[in-house]
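Undergrad:
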Amino acid sequence: MPKSLPIHPDDVRKPGFVEFDPIPLCQYNGTVKSELGKYTAEALVNIYRDMVIIRTFELMLDEVKKKAQYGGIPYDHRGPAHLSIGQEASAVGQAFLLSVDDHIFGSHRSHGEILAKGLSAIEKLDEGTLEGIMKSYLDGATLAVVEKAAKGTVRSVAMDYLLYGTLAEIFGREAGFNMGMGGSMHAFFTPFGVFPNNAIVGGSGDISVGAALYKKVNHKPGIVICNIGDGALGCGPVWEGLCFATMDQFKTLWDEAHRGGLPYIINFVNNFYGMGGQPVGETMGFNVLARVGAGLTPDQMHAERVDGYNPLAVVDAIARKKQIIEAGDGPVLLDTLTYRYTGHSPSDA
Ligand SMILES: Cc1ncc(C[n+]2csc(CCOP(=O)(O)OP(=O)(O)O)c2C)c(N)n1
Ligand SMILES: [Mg+2]
């Protein structure tokens, strides 16, 4: 790696302008009908099914938090539960094409992302692999509880396993995916490529870049996606992560075997709220979040706003951005539009 890079006064002192390219906003215009060649009917139904599972899971949590019961079963959950009711399509669309080698990191509001990624993994893994994961993870402690009631195929047991392991973790139970020590805001399940979410707003913004760097240095397959809030863009670690992720040297100076951009997508789950504050119009100045990509690299981080209310638009965006990353042209910035229908948390009206 050279220790010096020549700076030519003739070049850098030339008059001119920095030019920007238009940033696409919600350009996807497919329909279920026009996409039928790309998806099986079953896949389309499963996209809807997964959104309903997430919605139901979180409506249950909402009721547990607000009424200390669900379906007549009393339960007092003292811990946090930041719900993503309204944001399901953005999570399910993102997870659709991802494999277990693709790793996601999240925020305080990531139950939906965990379930979507897990459900996608369960669709893709063969039954033997699924069984192996469930039997070996925590020496089968989570499976031992699930097996008492779960019936049916390996895949349907795996779905119960995912829901139970996540819920038990949120409730701080020993049979949860992280033995109850992570809870709602630090849950993870690495066999499905689900890495920890994070109570520190912006915290995943730099941790995830380290994960992408690990993949790159070690030639590991897959990409890393950081799912983070629009409000988090006001946090220092996110900017540190963005600056690290976009360093020129990956594309200019690294040895040929490692040259190319990081396999990384920073995905802003843009729900227009940062707690009670509103980034657009109040606490930030970008107006359109995707604009930020234009300030970071000449390729504008391939930034784009995606309609996170349409799962097919999100699948389409992930497919295109994966190609960019595979060509060594990452990283990528996504501004995925969504909205949360409930308060910041169930204690917030
Ligand atoms: C470093 C830090 N500052 C403040 C908080 C308190 N806090 C929790 S969530 C939140 C708002 C985050 O907004 P955003 O990133 O848009 O995520 P959203 O809640 O909308 O999903 C704040 C300020 C925190 N958890 N961590
Ligand atoms: Mg937000």
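For reference, each letter of the sequence shown is one residue, going 0 to 348 in numbering that gives the first Met the number 0.
For each residue, glycine too, the CB sits at the ideal point set by N, CA and C.
(1) Measure from the alpha carbon of residue 58 to the alpha carbon of each residue in 31, 39, 87, then state which is nearest.
(2) Just list the residues that DSSP pairs residue 269 with in beta bridges.
(3) For ligand 1, I want to know if residue 338 counts as a neighbour, meaning its beta carbon is within less than 7 Å of at least one of the ligand's heavy atoms.
(4) When we look at the beta-carbon of residue 93 and count the other beta-carbons within 10 Å, is it buried (16 or more) or exposed?
(5) Count Cβ pairs between the region 323-333 and the region 73-91 that sit closer than 8 Å; are there 3 or more?
(6) Considering only DSSP beta bridges, list what residue 224 is partnered with.
(7) Where do the N-terminal and C-terminal ends of the beta strand (DSSP E) with residue 319 fall, by residue?
(8) Nearest to residue 109 by alpha carbon, out of 307, 97, 83?
(9) Just the C-alpha distance for residue 123 and residue 8, rounded to the nearest angstrom, thanks.
(10) From 277, 252, 302, pick the residue whose C-alpha is nearest to that of residue 4; which is it?
(11) Any heavy atom of ligand 1 inside 7 Å of the beta-carbon of residue 198?
(12) Within this structure, are the beta carbons of residue 64 and residue 80 separated by less than 8 Å?
(13) Going along the chain, which residues of its own chain have a beta-carbon closer than 6 Å to the beta-carbon of residue 274, five neighbours each way excluded?
(14) Count the C-beta pairs between the region 155-172 and the region 224-235 that are closer than 8 Å, then say yes if the count reaches three, no if not.
(15) Measuring CA to CA, which of 329, 17, 286, 90 is closest to residue 339?
(16) Taking the alpha helix (DSSP H) that residue 61 falls in, what are its first and last residues?
(17) Give the list of continuous beta strand (DSSP E) stretches no shorter than 3 residues that lie fully inside the region 101-157.
(18) With H, G and I counted as helix, E and B as strand and the rest as coil, what does DSSP make of residue 79?
(19) Taking C-beta to C-beta, are residue 116 and residue 187 nearer than 8 Å?
(20) Within its chain, find whatever has a CB closer than 7 Å to the CB of residue 318; leave out the 5 residues flanking it on each side and keep chain order.
(21) Are the CB atoms of residue 288 and residue 232 within a distance shorter than 8 Å?
(22) Output the boundary residues of the alpha helix (DSSP H) element that contains residue 237.
(23) When DSSP labels each residue in this structure, what does residue 206 get in the three-state scheme?
(24) Beta-carbon separation of residue 357 and residue 250 under 8 Å?
(25) Straight-line CA distance for residue 131 to residue 35?
(26) Are the beta-carbon atoms belonging to residue 167 and residue 185 less than 8 Å from one another?
(27) How far does the alpha helix (DSSP H) with residue 367 in it extend, from its first residue to its last?
(28) Determine the extent of the beta strand (DSSP E) in which residue 305 is found, giving its start and end residues.
(29) Measuring CB atoms only, is the region 281-297 touching the region 28-44, in the sense that at least three cross pairs come out at less than 8 Å?
(30) For residue 73, which beta-bridge partners are listed by DSSP?
(31) When we look at the beta-carbon of residue 155 and count the other beta-carbons within 10 Å, is it buried (16 or more) or exposed?
(32) Going by alpha carbons, who is nearest to residue 286 out of 328, 69, 50, 334?
(33) Opposite residue 191 in the DSSP bridges: which residues?
(34) Which residues mark the beginning and the end of the alpha helix (DSSP H) in which residue 92 is found?
(35) Is it buried or exposed for residue 348, if we count other Cβ within 10 angstroms and need 16 for buried?
(36) If you draw a straight line from the alpha carbon of residue 202 to that of residue 53, how long is it in whole angstroms?
TA: According to the data block:
(1) Closest in alpha carbon position to residue 58, among 31, 39, 87, is 87.
(2) 336
(3) no
(4) By the neighbour-count rule (16 or more Cβ atoms within 10 Å), residue 93 is buried.
(5) No, they do not touch.
(6) In the DSSP secondary-structure assignment, residue 224 is bridged to 103, 264.
(7) From DSSP, residue 319 is part of no beta strand (DSSP E) but of the alpha helix (DSSP H) over 310-325.
(8) 83
(9) For residue 123 and residue 8, the distance between alpha carbons rounds to 55 Å.
(10) 252
(11) Yes, Cβ of residue 198 sits closer than 7 Å to a heavy atom of ligand 1.
(12) It is a contact, given that the beta carbons lie within the stated cut-off.
(13) Contacts found: 343.
(14) no
(15) The shortest Cα separation from residue 339 among 329, 17, 286, 90 belongs to 90.
(16) 40-66 is the span of the alpha helix (DSSP H), which, as asked, contains residue 61.
(17) Correct list: 102-104.
(18) In this structure, residue 79 counts as coil in the three-state DSSP scheme.
(19) no
(20) 96
(21) yes
(22) 235-244
(23) Helix at residue 206.
(24) Since the first residue of the chain shown is 0 and the last is 348, residue 357 is not available in this structure.
(25) 34 Å
(26) Taking 8 Å as the Cβ cut-off, residue 167 and residue 185 do not qualify as a contacting pair.
(27) This structure cannot speak to residue 367, because the chain is shown only from 0 to 348.
(28) 303-306 is the span of the beta strand (DSSP E), which, as asked, contains residue 305.
(29) no
(30) According to DSSP, residue 73 bridges with 68.
(31) exposed
(32) 334
(33) Beta-bridge pairing links residue 191 to no other residue.
(34) 87-94
(35) exposed
(36) 24 Å
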